[in-house]
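Visitor: Shown below is the structure under consideration.
Number of protein chains: 2
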Amino acid sequence: MSNEKPIIILKTPTKEETLETVRSALSRRRIIIIAGNCWVDYQGRARSTLNPGERILIIKEDGSVLVHRPKGYEPVNWQPPGCIFHSDLREDIFLIKAVRRKPRETLQIFFDEIYFLAAMSLVDEGEFSLYASEEDMQEAIMIQPSLVEDGLHPITYEKKVEPGFIDVYGIDKNGRMVVIEIKRRTAGKEAVLQLSKYVDSLKNVVNREIRGILVAPKIAKGVQKLLLTLGLEFKRLDPKKCAEILKKRKARSLEDFY
Amino acid sequence: MSNEKPIIILKTPTKEETLETVRSALSRRRIIIIAGNCWVDYQGRARSTLNPGERILIIKEDGSVLVHRPKGYEPVNWQPPGCIFHSDLREDIFLIKAVRRKPRETLQIFFDEIYFLAAMSLVDEGEFSLYASEEDMQEAIMIQPSLVEDGLHPITYEKKVEPGFIDVYGIDKNGRMVVIEIKRRTAGKEAVLQLSKYVDSLKNVVNREIRGILVAPKIAKGVQKLLLTLGLEFKRLDPKKCAEILKKRKARSLEDFY
DNA sequence: GAGTGGATTTCGCAT
DNA sequence: ATGCGAAGTCCACTC
């Protein structure tokens, strides 16, 4: 028994070969990769046109589409998962049309030259883990509040208040209420104003002094001033340090378990 | 003379072939596409691991990297343009390491099976045009203010005030100051609060009545109430209509020119 | 189904 | 370089 992957690879196929192969691959929900000279029309939430040039087209098994230029991280045109496809041949132009409902959008790609075409099924059950997210920081502060300051007692996190959510809410060693806003990267004006809003809205409710602490790896340059003006505080905290703490804790709890 | 594109396509190449081809392609700044079984480590602004599975790797000529799973619009791992690459072979594992400075980040991809490899140079000078963006809306309002209301006279756009930038600023038919905040899609709480901030900060400066108008195709459900509470107004405007107006105007100015 | 906020956001523009 | 806001943002989660 052969374990060879069923992969179709065509180098400079004719338009007819392309059409046949693409249709077959679409019906079997295979991934399709095409490199060639193409132009693209998009119509939906906005509208765009892309003049002819050499690009890579990827159609995935879930109905997502990517058109990549030779440069840049982002696709120049795309569709999120869920598209329905039509492919056709018109006067030696190979065209693929991807249609999405909700919102109604149409992406049309026209090829006049095809350099190669690949179609295959890929299996990917591999777990993806991301560390040092904002959520990790919140969790780390909850289990080790001294990361922010000694004597801090977190009460709740994600507490709902009028303007939105407070990341962490607690009581400091002197019994004062503390509101903490967490950012996983350089905190800007936005974060400060958000924290300020939270503090103000809480003041309206409890009518007592409230400390607002912005926790982030860094604070943007001009923003420190705004922070002080609003009577808020800043505490530097590295997201990676938080990830480390969680990792260690996790390892320890496994030890305890066995 | 042959016009055949210099494309290298290898089906199930050996690791040695892969290494040689990838190194050559990297040095010639060619685009590389690999499909195979791989795992990925990322370390930089955050950190991530991706367990083995079948994916597509794309390396572009500008040093951007994309690792795509068989599903989803977004790459599972990536690097923006500007990476420096190292490739190597270790105990029958083919590895590619992409390093970026500023911020310092490392992306490592390990292949134990390679289904196919393609390397090519693509030329793409095609113009890309996007219509019905927020910028189009702003432009359309500047040249046809009646889109918002009759008698409106726009004075400036992108006016700097304390909290940020005002999209459009002008005077209405009764001589009152008008601040306009534009959104190209359903305006939410965020947009209303932003507009409110702008209006308030301008009031502090000029000490006279100021109208704040939110211009968007739609306003979110609960948000209308907030808008009214804050004494602001809403004007429905479709971004596509704005695009149409600009298009017509462009066509007319071309006519005038010839 | 709509609303809300985060993102390894990326990207572009202005300071 | 840094800051700032938009994006056809996408995506996950809540109501």
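Line by line, the protein sequences give chains R and E. Residues 1 to 258 in the working numbering are what the first sequence spells out, letter by letter. Residues 1001 to 1258 in the working numbering are what the second sequence spells out, letter by letter. The C-beta atom is built at its ideal place from N, Cα and C for all residues, glycine as well. Treat the numbers as computed from the prediction; the structure is a model and nothing was measured.
1) Looking at the C-beta of ALA46(R), does it have a partner C-beta in chain E at a distance below 8 Å?
2) Which residues of chain R have a Cβ atom closer than 7 Å to the Cβ of GLY1222(E), listed in chain order?
3) Of all the options ILE31(R), SER24(R) and GLU139(R), which has the alpha carbon lying nearest to the alpha carbon of LYS183(R)?
4) Answer with buried or exposed for LYS1250(E), where buried requires no fewer than 16 other C-beta atoms within 10 angstroms of its C-beta.
5) For the region 183 to 197 of chain R against the region 221 to 235 of chain R, are there 3 or more C-beta pairs whose distance is under 8 Å?
6) Buried or exposed: ASP167(R), going by 16 or more other Cβ atoms within 10 Å of its Cβ?
7) Could you tell me whether the Cβ atoms of GLU105(R) and GLY63(R) are closer together than 8 Å?
8) Can you give me the start and stop residues for the beta strand (DSSP E) that SER48(R) sits inside?
9) Look up LEU1246(E) in the DSSP assignment and say whether it is helix, strand or coil.
10) Could you list the residues in the region 39 to 63 of chain R with a C-beta less than 8 Å from some C-beta on chain E, going in chain order?
11) Return no unless some Cβ of chain R is closer than 8 Å to the Cβ of PRO1080(E).
12) When you measure from the CB of GLY222(R) to every non-hydrogen atom of the ligand ATP, does any distance come out below 7 Å?
13) Below 7 Å CB to CB, which residues in the same chain sit around GLU1113(E) once its five sequence neighbours on both sides are set aside?
14) Quick check on the burial criterion: 16 or more other C-beta atoms within 10 angstroms. Buried or exposed for SER129(R)?
15) Counting beta carbon pairs with one atom in the region 49 to 66 of chain R and one in the region 96 to 110 of chain R, are three or more of them shorter than 8 Å?
16) Just the C-alpha distance for ARG1028(E) and LYS1221(E), rounded to the nearest angstrom, thanks.
17) Helix, strand or coil for PHE257(R), going by three-state DSSP, please let me know.
18) Looking only at its own chain, which residues have a Cβ that is under 7 Å from the Cβ of LEU1246(E), when we skip the five neighbours before and after it?
19) My output table needs one value for GLN138(R): the three-state DSSP class, helix, strand or coil.
20) State the start and end residues of the unbroken beta strand (DSSP E) segment that holds VAL76(R).
21) On a CA-only basis, which of VAL1179(E), VAL1123(E), PRO1070(E) and TYR1131(E) is nearest GLU1149(E)? Give me that one, please.
22) Does any residue of chain E bring its CB to less than 8 Å from the CB of LEU122(R)?
23) Taking only runs that begin and end inside the region 156 to 241 of chain R, name each unbroken beta strand (DSSP E) of 3 or more residues, in chain order.
24) For the region 1101 to 1116 of chain E, which residues have a beta carbon sitting closer than 7 Å to at least one beta carbon of chain R?
25) Which whole-angstrom value describes the C-beta separation of LEU1259(E) and PHE1085(E), a residue pair presumed to lie in contact below a C-beta threshold of 8 Å?
26) Checking the sheet assignment: what are the DSSP bridge partners for VAL22(R)?
27) Output the boundary residues of the beta strand (DSSP E) element that contains GLY36(R).
28) Flag this pair as yes or no: are the beta carbons of PHE1111(E) and ILE1034(E) separated by less than 8 Å?
29) Can you tell me where the beta strand (DSSP E) with ARG100(R) in it begins and where it stops?
30) For chain R, is any of its Cβ atoms less than 8 Å away from the one on LEU1228(E)?
31) Do you know whose CA, among PRO103(R), MET120(R), GLU125(R) and ILE219(R), lies nearest ARG185(R)'s CA?
32) First and last residue of the beta strand (DSSP E) that includes THR1106(E)?
33) DSSP on PRO1145(E), reduced to helix/strand/coil?
34) Bridge partners for ARG28(R) per DSSP, in chain order?
35) Tell me which residue opens and which closes the beta strand (DSSP E) that ILE1090(E) is part of.
36) Considering only residues of the same chain and omitting the five flanking positions on each side of THR1018(E), which have a CB-CB separation below 7 Å?
Guide: This is what the structure holds:
1) yes
2) By Cβ distance, chain R contributes nothing, its closest Cβ being about 13 Å from GLY1222(E), past 7 Å.
3) GLU139(R)
4) Flag for LYS1250(E) reads exposed.
5) yes
6) buried
7) Contact: no.
8) 47 to 59
9) helix
10) From the region 39 to 63 of chain R, only TRP39, ARG45, ALA46, ARG47, SER48, THR49, LEU50, ASN51, PRO52, GLY53, GLU54, ARG55, ILE56, ILE58, LYS60, GLU61 and ASP62 have a Cβ closer than 8 Å to chain E.
11) yes
12) Among the ligands in the structure shown, none appear at all, so the ligand ATP cannot be discussed.
13) GLY1036 and ASN1037
14) Exposed.
15) yes
16) A straight-line Cα-Cα distance of about 55 Å links ARG1028(E) and LYS1221(E).
17) Bear in mind that the predicted position of PHE257(R) carries a pLDDT of just 47, short of 50, making it unreliable; the figure below should be weighed with that in mind. If DSSP states are grouped into helix, strand and coil, PHE257(R) belongs with the helices.
18) Taken in chain order, the residues that qualify are ASP1136, GLU1139 and ALA1140.
19) helix
20) Careful: VAL76(R) lies outside any beta strand (DSSP E) and carries neither H nor E.
21) Closest option to GLU1149(E), Cα to Cα, is VAL1179(E).
22) Contact with chain E is found for LEU122(R), since one of that chain's Cβ atoms lies less than 8 Å from the residue's Cβ.
23) Listed in chain order, they are 164 to 171, 177 to 182, 210 to 216 and 233 to 236.
24) Residues TYR1115 and PHE1116.
25) The structure shown has nothing for residue 1259(E), since chain E only spans 1001 to 1258.
26) Answer is none; VAL22(R) lacks a bridge partner.
27) 31 to 43
28) yes
29) 93 to 100
30) Output row for LEU1228(E): interface = no.
31) ILE219(R)
32) 1105 to 1120
33) The answer is helix: DSSP assigns PRO1145(E) an H, G or I state.
34) Note: ARG28(R) sits in no beta bridge, so no partner.
35) The amino acid occupying residue 1090(E) in the given sequence is Arg; Ile does not appear at that position. From DSSP, the beta strand (DSSP E) with ARG1090(E) extends over 1084 to 1090.
36) PHE1094, ILE1114 and LEU1117
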